[in-house]
Every structure is written in C-alpha cells, then in structure tokens.
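Chemist: First the structure, which I've put down as structure tokens, then a few questions once you've had a look.
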Amino acid sequence: AQSVTQLGSHVSVSEGALVLLRCNYSSSVPPYLFWYVQYPNQGLQLLLKYTSAATLVKGINGFEAEFKKSETSFHLTKPSAHMSDAAEYFCAVSDSSGANNLFFGTGTRLTVIP
Amino acid sequence: DTGVSQDPRHKITKRGQNVTFRCDPISEHNRLYWYRQTLGQGPEFLTYFQNEAQLEKSRLLSDRFSAERPKGSFSTLEIQRTEQGDSAMYLCASSLETLGNYGYTFGSGTRLTVV
Chain D
1 AQSVTQLGSH
11 VSVSEGALVL
21 LRCNYSSSVP
31 PYLFWYVQYP
41 NQGLQLLLKY
51 TSAATLVKGI
61 NGFEAEFKKS
71 ETSFHLTKPS
81 AHMSDAAEYF
91 CAVSDSSGAN
101 NLFFGTGTRL
111 TVIP
Chain G
115 DTGVSQDPRH
125 KITKRGQNVT
135 FRCDPISEHN
145 RLYWYRQTLG
155 QGPEFLTYFQ
165 NEAQLEKSRL
175 LSDRFSAERP
185 KGSFSTLEIQ
195 RTEQGDSAMY
205 LCASSLETLG
215 NYGYTFGSGT
225 RLTVV
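These protein sequences, in sequence, are chains D and G. Residue numbers for the first sequence follow the numbering used here, beginning at 1 and rising by one. Residue numbers for the second sequence follow the numbering used here, beginning at 115 and rising by one.
Below, the structure written as structure tokens:
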C-alpha cells in the first residue's frame, strides 16, 4: 500500500524567501511521486514527477523536488517565493507496477506575505 | 483541444435527488479517472477507465454511484439518492498511457453541494 504524509497544513513565507514543502511517502514497491498545485476552485496542475530517473526533479514555475530513498522523502522547494505561488500543494504517490491510482496527501496551503 | 472539461462546474441539489456529471477528456487520452475531494482533504480515487472498460473501482464508490464511458470518449458519473456526505468536489483526469510516463491532466472539477 502507498501513502504520503505532508508535514504542515499551512506554510507562510515572505515574498522572495525559500519555499520548502515537506512530503514523506510510504510504499512497499518503488514509488512514482508527484507534486500538484491547486488554485481556488480549480483542478490540480502537475508541477513535477519522479519516475525513477534523476533523483532531483525540476518542474514548472521554478519548483524542484529531490527524491531521497533513505529518508523516504520528496520535499518540494523553490528558491524565491512569488505572490503567484500562493495555492494548495499536494504530494501524491503511486507504485511503479502499473497501478493507475494516485494516493494524495492532505495538502499544504502556501501563503506568500508581501 | 484545451484540456479536460467538466460540466457542470457547480451543482446544488436536494438530498435524495439524482445528479449526473460529465467529463470530456483530452481527445487522444485513452485513460480516464474520477476522484473525489472533500474540504480540507486531498483527492481520493473513485474509479478508472481504459477506453470504454471500467478497470478499477474504489471501495468509496458505493452502489449509489455509477460511472460510464461509452465509446471510450466522454464519461459520466451519476450519484443516486444523494446524501449530504456526497458534498465534495468531483475531479476528472485523463492520461495517454501509464501514470509513470505522463501523469494526469485534471479538469477543473464539479463542486456538488447537497442540501
């Protein structure tokens, strides 16, 4: 079975500061890992994904995440926060065996303070 | 093709009524998924189609829920005898091949409110 835990339901950062959103996963098989962003009353947009290639994954809007097997983590970072980054962020996991459903975390709401 | 479309965007219904939602995936995508997202939670998997075949259903999909994808194109999700606990955002997503290769493209969702 797969699951993810997102530490911190709310994170606030100042504009221009580092963004760090934490995600730890649990999976009995090699995982696929994803970060999605959701703006109010919108669907989810894929930021980036890890599918067993490079452990440092670069995504859209300047975000990146590093897969650390020893820590079972896949934290999302961005060097400099922008006001437009304010949204809900979801980490998700699937196994690599061909299963097609994603297991999402409960989300982290990012607030960017001007 | 501008992405995954869902209709309606919002639906308010009285308890006990039936509702139906529609999802139009990206045209070349052969896989279609339904998820439910309640307030303050991440999306939860409901069901998945490959072409017209419904290949997997979650235990969350009670017998009041039914999903179809005739001809492997658009899909409908029907909820019969709605209950207040059905209030949620219903998200549709589609993908071309395996999740690991492409990930999903989500629609904007249908927000259901049962009063």
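Note that the Cβ used here is the ideal one computed from N, Cα and C, for glycine as well.
DSSP state of G:Ser208, grouped into three classes?
Modeler: The residue labelled residue 208 of chain G in the question sits at position 94 within the second sequence. Looking at G:Ser208 - three-state DSSP - the assignment turns out to be strand.
Chemist: Which residues in chain C sit within 8 Å of G:Gln168, going by Cβ to Cβ distance?
Modeler: Any reference to chain C falls outside this structure, whose protein chains are D and G.
Chemist: Does D:Met83 pass the burial test, meaning 16 or more other C-beta atoms within 10 Å, or should it be called exposed?
Modeler: By 1-based counting over the first sequence, the position of residue 83 of chain D is 83. D:Met83 should be labelled exposed.
Chemist: Is the CB of D:Asn101 under 7 Å away from at least one CB in chain G?
Modeler: Counting from 1 along the first sequence, the entry for residue 101 of chain D is found at position 101. Output row for D:Asn101: interface = yes.
Chemist: Shorter than 7 Å from the beta carbon of D:Lys68 to some beta carbon of chain G?
Modeler: To locate residue 68 of chain D, count along the first sequence from 1; it is residue 68. Chain G, which has no Cβ nearer than 7 Å to the Cβ of D:Lys68, makes this no.
Chemist: Could you list which residues in chain D have their beta carbon closer than 9 Å to that of G:Arg173, in chain order?
Modeler: Translated into positions along the second sequence, residue 173 of chain G becomes position 59. What G:Arg173 touches in chain D: nothing, since even the nearest Cβ is about 12 Å away.
Chemist: Among the candidates D:Glu88, D:Asn41 and D:Phe103, whose CA atom is the shortest distance from the CA of D:Pro31?
Modeler: Looking up residue 31 of chain D in the first sequence gives position 31. Among D:Glu88, D:Asn41 and D:Phe103, the Cα nearest to that of D:Pro31 belongs to D:Phe103.
Chemist: If we call anything under 7 Å between Cβ atoms a contact, is D:Leu46 one with G:Gly217?
Modeler: Walking along the first sequence from the start, residue 46 of chain D turns up at place 46. Walking along the second sequence from the start, residue 217 of chain G turns up at place 103. Yes, Cβ-Cβ distance for D:Leu46 and G:Gly217 is below 7 Å.
Chemist: Which residues in chain D sit within 7 Å of G:Pro122, going by Cβ to Cβ distance?
Modeler: Along the second sequence, read from residue 1 onward, the residue named residue 122 of chain G stands at position 8. Under the 7 Å cutoff, chain D gives no residues; its nearest Cβ is about 13 Å from G:Pro122.
Chemist: Would DSSP call D:Glu64 helix, strand or coil?
Modeler: Taking the first sequence and counting its residues from 1, one reaches residue 64 of chain D at position 64. Correct three-state label for D:Glu64: strand.
Chemist: Take D:Thr51 as the anchor and find which of D:Tyr36, D:Asn41, D:Phe67 and D:Gly43 has the nearest alpha-carbon.
Modeler: As a first step, residue 51 of chain D must be located in the first sequence, where it is residue number 51. Checking every option, the nearest Cα to that of D:Thr51 belongs to D:Phe67.
Chemist: Do the segment 73-92 of chain D and the segment 189-209 of chain G touch if we need at least three Cβ pairs shorter than 8 Å?
Modeler: At 8 Å Cβ cutoff, the stretches do not touch.
Chemist: Quick check on this structure: which residue in G:Thr134, G:Ser187 and G:Arg150 has the alpha carbon closest to the alpha carbon of G:Gly199?
Modeler: Translated into positions along the second sequence, residue 199 of chain G becomes position 85. Considering only alpha carbons, the answer is G:Arg150.
Chemist: Does any CB atom of chain D fall closer than 7 Å to the CB of G:Pro184?
Modeler: Sequence index remark: in the second sequence, residue 184 of chain G carries index 70 (1-based). False, the Cβ-Cβ gap to chain D never drops below 7 Å.
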